[in-house]
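Numbering-wise, the numbering used here comes out as the position in the sequence shown, counting from 1, plus 4.
Here the structure is laid out as structure tokens; the discussion comes afterwards.
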Amino acid sequence: MHHPLITQDHIDTYQRDGVVLIKGLFADHVETLRDGVEVNMKEPGPYAAENLKEGDTGRFFDDYCNWTRISQFEEVIRNSPAAAVAADLMRSESVQVFHDHVLVKEPGTSKPTPWHQDAPYYFVEGQQTISFWSPLDPVTDASLRCVAGSHKWEKQVVPTRWLNEDNFYPDSDAYMPVPDPDAEGMQITEWAMAPGDAVAFNYGVLHGARANVSDQRRRAFSLRLVGDDARYVERPGPTSPPFPGHDMTAGQKLREDWFPVIYQR
């Protein structure tokens, strides 16, 4: 039996499109996550970034890999339905934590989140991957936009740095240039979302978000999880997140002392 928050249709859609909306996934945990984001912004970690160039308006803050030091994030990761729902959507017997990610666009932030796939940034390979993107404020225009089916493309999109937009792996022809899904008429999913709703998407799905031109904050919490077939893979350059000193070798399952199993059927 699958988790009561989802139906077989959610699972089929996730397998086909690589992306599906889960209403209310973190609905009981919104205040806890907001508190965690507040802590995170007051005490940024080593990977925190401000993603605006001179002349951009607003503020676009992001930071990741903080769940082991911010108790609110750990509480939600361990106690919310996310892991059980992830197992159902991925069709996986087990679920491991990969990392958390906070993205905050303050009112009037002019910078969109560039189109990208997460997989090329990560040192993880496998079909059973999932990211939950959950707004902690109501969103319409600044919601997540995903290209349905892009996780099945033959070539992945080259990863870029968001601030200066240069390539992570400049000499690799293993990746294709970033497409323009709007101009190319691709099937883009996007939803108006309430706080605690979540977009679930595969690491291979192309996604981005518009600028936040509203007068409301757009705080989002992302949780990245992996399933049974996820394995460590070498990339042509440094990955993001880097996890220095991980000591894993190609083909290994992610080490459970750093990436704990939080669900087992």
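Cβ atoms here follow ideal geometry from the backbone N, Cα and C, with glycine treated the same way.
- Rounded to the nearest whole angstrom, the C-alpha separation of Asp21 and Pro264 is 28 Å.
- Between the stretch 187-206 and the stretch 141-148 there are three or more inter-stretch CB-CB distances shorter than 8 Å, so the stretches are counted as touching.
- In this structure, Gly212 places its C-beta atom within 7 Å of the C-beta atom of Trp119.
- Under the DSSP assignment, Leu93 falls in the alpha helix (DSSP H) whose first and last residues are Ala86 to Met94.
- Residues Gly130, Gln131 and Gln132 of the same chain have their beta carbon placed closer than 7 Å to that of Asp233, with the five preceding and five following residues left out of the count.
- Rounded to the nearest whole angstrom, the C-alpha separation of Asp92 and Lys46 is 35 Å.
- Pro139 has Ala224 as its beta-bridge partners, per DSSP.
- Remark: C-beta atoms of Leu148 and Val203 approach each other more closely than 7 Å.
- Under the three-pair Cβ rule at 8 Å, the stretch 44-59 counts as touching the stretch 69-76.
- Judged by their CB atoms, Ile266 and Ala88 are not nearer to each other than the 7 Å cut-off.
- In the displayed model, Leu229 falls within a strand according to three-state DSSP.
- Only residues of its own chain outside the window of five on either side were considered, and among them Asp232 and Arg269 have a CB closer than 6 Å to the CB of Glu97, listed in chain order.
- DSSP assignment within the stretch 166-206 yields the following whole beta strand (DSSP E) runs of 3 residues or more, N-terminal first: 202-205.
- Counted as a single uninterrupted DSSP element, the stretch harbouring Asp261 is not any beta strand (DSSP E), since DSSP gives it neither H nor E.
- For Asn216, the pairing in a beta bridge is given by DSSP as Thr113.
- Around the beta carbon of Thr36, a 10 Å sphere encloses 16 or more other beta carbons of the protein chains shown; the residue is thus reported as buried.
- When beta bridges are read from the DSSP output, Asp104 appears opposite Leu227.
- For a cut-off of 8 Å, the C-beta gap from Leu29 to Pro85 is around 6 Å, short enough to register as a contact.
- Looking at the DSSP output, Glu54 sits in a beta bridge with Phe65.
- The Cβ neighbour count for Gly208, taken over all protein chains shown within 10 Å, is at least 16; the residue is labelled buried.
- His211 is bridged by DSSP to His120 and Cys150.
- Taking all protein chains shown into account, Pro242 has fewer than 16 neighbouring C-beta atoms within 10 Å of its C-beta and is therefore exposed.
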